[in-house]
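In my numbering, the protein residues as written are -13 to 107. Idealized CB from N, CA, C, for every residue including glycine. Predicted, not measured: the structure shown is a model, and the values here were computed from it. All remarks here apply to the structure that follows.
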């Protein structure tokens, strides 16, 4: 049975690139356009890993991560942050909110899939 990945990013291009990289590696992919939509998608699904951007409208990645961690059902799901940000302060903030790891855009599809495999084990 394939694992399911939820991607949360306001860029359609980025969502498409993530979907292509992940489906090529055999994963099922759910998509959301921002943190609010991501929390809505989570209500009806149980992803094995979540990949989220930080800078998004309506609810940013920090708010989304905190929302996932507060909802008991998905508290243990690994969350990878995929962002153009490389600021140590933002990394620390994401970790304290509950992020598992950090990937900088533009991403290498092979490294992305490796990171997903590591946390989805």
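Over the uninterrupted beta strand (DSSP E) stretch that includes residue 14, give me the two end residues. 14 to 18
Determine the burial state of residue 103: buried for a count of at least 16 other Cβ atoms within 10 Å of its Cβ, exposed for fewer. exposed
Residues bridged to residue 86 by DSSP? The partner list for residue 86 (beta bridge, DSSP) is empty, contrary to what the question assumes.
Which one of 66, 93, 18, 92 has the shortest CA to CA distance from residue 80? 66
Could you tell me how far apart the beta carbons of residue 53 and residue 21 are, in whole angstroms, since I believe they sit closer than 8 Å? 7 Å
Check the C-beta distance from residue 106 over to residue 64 and give it rounded, since I have them as a contact under 8 Å. 7 Å
Close beta carbons around residue 5, own chain, < 6 Å, minus the five adjacent residues each side: For residue 5, the CB contacts under 6 Å within the same chain, skipping 5 residues up- and downstream, are 15 in chain order.
Would you list the one or two residues that DSSP bridges to residue -1? Paired residues: none, contrary to the question.
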